[in-house]
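Numbering follows this note's numbering, in which position 232 of the sequence shown is assigned residue number 232; successive positions increment by one, without gaps.
Even glycine gets a Cβ: it sits at the ideal position worked out from N, Cα and C.
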Amino acid sequence: MLDFTQGSSLATIKTVLFTTVLLGTAQLLAGCDSQPANSNKNDNAPSQTDNIDKNTAEKDKASINSSSISPAPISPANVDKAQNNEAEKLSNDKTVNPSGYQKLSFGQIITPELLNELGLSKEKTDNEQCYYVSNPALSYVDKEYGKRASVLYQIIDNKVALIAIQDPNIPFYTDIHVGDSVTEVMKAHNNELNYEVDKYAVDGDYYSLIANVNFEVLKEPQLGELLKAENIKLNNEEDKLPIQIEYHIKGGQKLNDYRINSTEWTADKQSLLKGEVESIDIGLPDAIYLVEGCS
Numbered sequence: 001m002l003d004f005t006q007g008s009s010l011a012t013i014k015t016v017l018f019t020t021v022l023l024g025t026a027q028l029l030a031g032c033d034s035q036p037a038n039s040n041k042n043d044n045a046p047s048q049t050d051n052i053d054k055n056t057a058e059k060d061k062a063s064i065n066s067s068s069i070s071p072a073p074i075s076p077a078n079v080d081k082a083q084n085n086e087a088e089k090l091s092n093d094k095t096v097n098p099s100g101y102q103k104l105s106f107g108q109i110i111t112p113e114l115l116n117e118l119g120l121s122k123e124k125t126d127n128e129q130c131y132y133v134s135n136p137a138l139s140y141v142d143k144e145y146g147k148r149a150s151v152l153y154q155i156i157d158n159k160v161a162l163i164a165i166q167d168p169n170i171p172f173y174t175d176i177h178v179g180d181s182v183t184e185v186m187k188a189h190n191n192e193l194n195y196e197v198d199k200y201a202v203d204g205d206y207y208s209l210i211a212n213v214n215f216e217v218l219k220e221p222q223l224g225e226l227l228k229a230e231n232i233k234l235n236n237e238e239d240k241l242p243i244q245i246e247y248h249i250k251g252g253q254k255l256n257d258y259r260i261n262s263t264e265w266t267a268d269k270q271s272l273l274k275g276e277v278e279s280i281d282i283g284l285p286d287a288i289y290l291v292e293g294c295s
């Protein structure tokens, strides 16, 4: 009995060991089969998750770059020009200046449609080559003449040639107003003004002080002559038209000279100047040199 028992035990042990080995081998094979399909590829190759992250990053980068792209740079000259144009427009609306006043500029072509659009009235005249227009809504009451137009626009050959200020409340770019003294006028122009006596003022009580705004005279005109274009040199290439200012002075006195050029002033002559501004004209020399309006 003893030998039989020992042999059975040995057989049992062998059976158990064999079963354990089989189970272990089966588990090992099952573990190998459960590996991902791409586990046998190069370990350095990017995974699907890596590709998704990379694509997202590239899209984000492109989005940031596209949002940070600024428009093509604007030339400083164009910016300055635009700002100057805007400033000039605002200035024209409020102040009479070498460019013009409100919506009219020197040299601008005038048509009946434009006058109607701007609400400007034309004076009654048979002279279609030279006449005045004004804004009925822009007027004042003068002590001597009653109700008058604050500003007159002189039209010559269908173009704006001159702007005349009659109202003391209309601002002028030199800061001179109707009613200011001749001393203030001379000071505003550093005493560089031409003096001319009105042809009807035998006692010199009415005279003009004339300033060249944007040009110099190469040759002074003779008495009674107009300033010729060939005798003018513009100071700036952007200036297309020469502009002059004429201050009409009343309350003066007779001087020995009918005319004094801006370079011929002496302290004695300046001390004799009297009077105050009656009106201010600014415009083209051809209009300034007209003796009587459109004559």
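Segment limits, alpha helix (DSSP H) that includes residue i
i: valine 141; result: Careful: valine 141 lies outside any alpha helix (DSSP H), inside the beta strand (DSSP E) at 139-142.
i: glutamate 117; result: 112-118
Inter-residue spacing [alpha-carbon to alpha-carbon] between residue i and residue j
i: lysine 147; j: alanine 211; result: 29 Å
i: proline 112; j: proline 285; result: 25 Å
i: serine 121; j: leucine 115; result: 7 Å
i: threonine 266; j: glutamine 253; result: 17 Å
i: isoleucine 163; j: isoleucine 249; result: 17 Å
i: isoleucine 155; j: glutamate 225; result: 21 Å
i: aspartate 157; j: glutamine 108; result: 11 Å
i: isoleucine 245; j: proline 98; result: 9 Å
i: valine 141; j: isoleucine 170; result: 13 Å
i: glutamine 129; j: glutamine 102; result: 23 Å
i: glycine 208; j: leucine 118; result: Sequence inspection shows serine at residue 208; the glycine mentioned does not correspond to that position. Looking at the two C-alpha atoms, the distance is approximately 31 Å.
CA nearest to the CA of residue i, picked from the options
i: phenylalanine 106; options: Phe172, Val160 and Ser279; result: Val160
i: lysine 269; options: Arg259, Glu278 and Pro168; result: Arg259
i: proline 136; options: Glu216, Tyr153 and Glu237; result: Tyr153
i: alanine 188; options: Cys294, Ile176 and Tyr195; result: Ile176
i: phenylalanine 311; options: Asn231, Val151, Tyr200 and Tyr195; result: As shown, the chain starts at 1 and ends at 295. That puts residue 311 outside it, with no answer to give.
i: lysine 305; options: Asp167, Lys94 and Val96; result: Lying outside 1 to 295, the shown extent of the chain, residue 305 is not represented and no answer is given.
i: phenylalanine 172; options: Tyr207, Val96, Leu273 and Glu278; result: Val96
i: serine 271; options: Glu184, Ile282 and Asp198; result: Glu184
i: tyrosine 289; options: Asn235, Asn236 and Lys199; result: Lys199
i: leucine 193; options: Leu234, Val213 and Asn236; result: Val213
Short Cβ contact (8 Å threshold) for residue i with residue j
i: isoleucine 280; j: isoleucine 165; result: yes
i: glycine 179; j: leucine 255; result: no
i: asparagine 261; j: glutamate 220; result: yes
i: tyrosine 247; j: valine 277; result: yes
i: lysine 274; j: valine 182; result: yes
First and last residue of the uninterrupted beta strand (DSSP E) at residue i
i: aspartate 281; result: 276-283
i: glutamate 246; result: 244-250
i: glutamate 216; result: 215-217
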